[in-house]
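Student: Under full-length UniProt numbering, think of the first position of the sequence shown as 1, with each following residue one higher.
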Amino acid sequence: MARYFVGDIQGCYEELMRLLLRVDFHPSRDELWAVGDLVARGPESHKVLGFFTSLGDAAKAVLGNHDLHLLAIQAGLKRPKPSDKLKKLLESKHLPGFIHWVRHQPLMRELPEHKLIMTHAGVPPQWDLPTLREEASEVNKVLMSDTYLDLIGSMYTEEPESWDPDASGFLRHRYCIDALTRMRFLYLDGRLDFACKKPPADCEGLALKPWFEFPSKLDDFTLVFGHWAALMGKTDNPRRIALDTGCCWGEDLTLWHLETGEKITQKKLK
């Protein structure tokens, strides 16, 4: 069995198919791990979700910020932007099934035998593995409940910026969502920054550091993530595997083969 990890697909269905053809992916023997943001920006989000829901247990996705935003749009809590390119998905007869599938995807996955963790944006450096498991699990329980839209409606704020182990309810859940699906830079005191989306070299002098440059309680784990296209897959840390290489922005879609460590890329198709 081969395990392939793919960066932010964002509706880039044809590029995904070309990558999987090149590695002879087959769901009867292989697994496809996706770092989230399966939908939006690219032209065929409906086909991407159709493909993933067809894979059964061979699909191992986590939720990204655009996947969560889809839940808000589908419920009428937010309006889609033209840049989201979700019209075909929102008009699909399969949309209820797709929404059900998205709601049942976790915020984190792990391979204990490889000491590997996958989230969309990263893991707060102050969290250990039990904390990550607990916080992600609590959010996922809410997303799978009948009251999940209360949480979705509360997401659209940039508070809290800091982790508070004594917080409860939506305040606690929002930090988990923001950290695992939106995090890029942290202030030097560990607070989340939501403004800078540039490469680290372009943000020097702003009292910010990439989250993966802080000492972490998970330093000996491999963390696989996406979300930050400006990194173009570079972290200078072999245990921090960045896979968002900006396919929806005209760059590449990247596939990482866990067993060999090889990265395979497909240029955005015109």
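The beta carbon of each residue, even a glycine, is placed where N, CA and C say it ideally should be.
Kindly indicate the opening and closing residues of the alpha helix (DSSP H) around Pro210.
Tutor: Position 210 of the sequence shown, counting from 1, holds the residue named residue 210. From DSSP, Pro210 is part of no alpha helix (DSSP H) but of the beta strand (DSSP E) over 208-210.
Student: Below 8 Å between beta carbons: does that hold for Arg184 and Trp228?
Tutor: Taking the sequence shown and counting its residues from 1, one reaches residue 184 at position 184. Taking the sequence shown and counting its residues from 1, one reaches residue 228 at position 228. Taking 8 Å as the Cβ cut-off, Arg184 and Trp228 qualify as a contacting pair.
Student: Taking the alpha-carbon positions, what's the Phe221 to Gly50 distance?
Tutor: For the purposes of this step, residue 221 is taken as residue 221 along the sequence shown, with counting starting at 1. For the purposes of this step, residue 50 is taken as residue 50 along the sequence shown, with counting starting at 1. Roughly 32 Å separates the two Cα atoms.
Student: Between which residues of its own chain and Glu138 is the CB-CB distance below 8 Å, once the five residues before and five after are set aside?
Tutor: As a first step, residue 138 must be located in the sequence shown, where it is residue number 138. Closer than 8 Å at the Cβ level, and outside the excluded window around Glu138, lie Arg172, His173, Cys176.
Student: Would a C-beta distance cut-off of 8 Å place Asn65 and His120 closer than the cut-off?
Tutor: One-based indexing of the sequence shown puts residue 65 at position 65. One-based indexing of the sequence shown puts residue 120 at position 120. Cβ atoms of Asn65 and His120: closer than 8 Å.
Student: Rounded to whole angstroms, how far is the Cβ of Leu68 from the Cβ of Leu86, which I believe are closer than 8 Å?
Tutor: On the sequence shown, position 68 is the one that residue 68 refers to. On the sequence shown, position 86 is the one that residue 86 refers to. Actually they are not in contact, since the Cβ atoms of Leu68 and Leu86 sit about 13 Å apart, beyond 8 Å.
Student: Keeping to the same chain, check which residues put their C-beta closer than 7 Å to that of Phe25; ignore five residues upstream and five downstream.
Tutor: Within the sequence shown, residue 25 is the residue found at index 25, counting from 1. Same-chain partners within the cutoff: Tyr4, Leu32.
Student: Cα-Cα, which of Met1, Leu188, Met155, Ala34 is closest to Thr254?
Tutor: Looking up residue 254 in the sequence shown gives position 254. The shortest Cα separation from Thr254 among Met1, Leu188, Met155, Ala34 belongs to Ala34.
Student: Taking C-beta to C-beta, are Glu15 and Leu269 nearer than 8 Å?
Tutor: For the purposes of this step, residue 15 is taken as residue 15 along the sequence shown, with counting starting at 1. For the purposes of this step, residue 269 is taken as residue 269 along the sequence shown, with counting starting at 1. The answer is yes: Cβ separation under 8 Å.
Student: Report the residue from Gly246, Gly190, Arg240 whose alpha carbon sits nearest the alpha carbon of Ile117.
Tutor: Numbered from its first residue, the sequence shown carries residue 117 at position 117. Nearest of Gly246, Gly190, Arg240 to Ile117, Cα basis: Arg240.
Student: What is the DSSP secondary structure of Tyr187, counted as helix, strand or coil?
Tutor: Residue mapping note: residue 187 aligns to position 187 of the sequence shown, counting from 1. Strand at Tyr187.
Student: Give the range of the alpha helix (DSSP H) segment to which Trp101 is assigned.
Tutor: For this step, residue 101 is matched to residue 101 along the sequence shown. Taken as a continuous stretch (DSSP letters only), the alpha helix (DSSP H) holding Trp101 covers 95-103.
Student: For Phe225, which option in Leu243, Leu132, Arg103 has the closest C-alpha, if you only look at C-alpha atoms?
Tutor: As a working note, residue 225 is residue 225 in the sequence shown. It is Leu243.
Student: Who are the near neighbours of Leu107 in its chain, counting only those whose CB is closer than 8 Å to its CB and skipping five residues on each side?
Tutor: For the purposes of this step, residue 107 is identified with residue 107 of the sequence shown, where counting begins at 1. Answer for Leu107: Val62, Leu63, Thr119, His120, Ala136, Val139, Asn140, Cys176, Ile177, Leu180, Thr181, listed in chain order.
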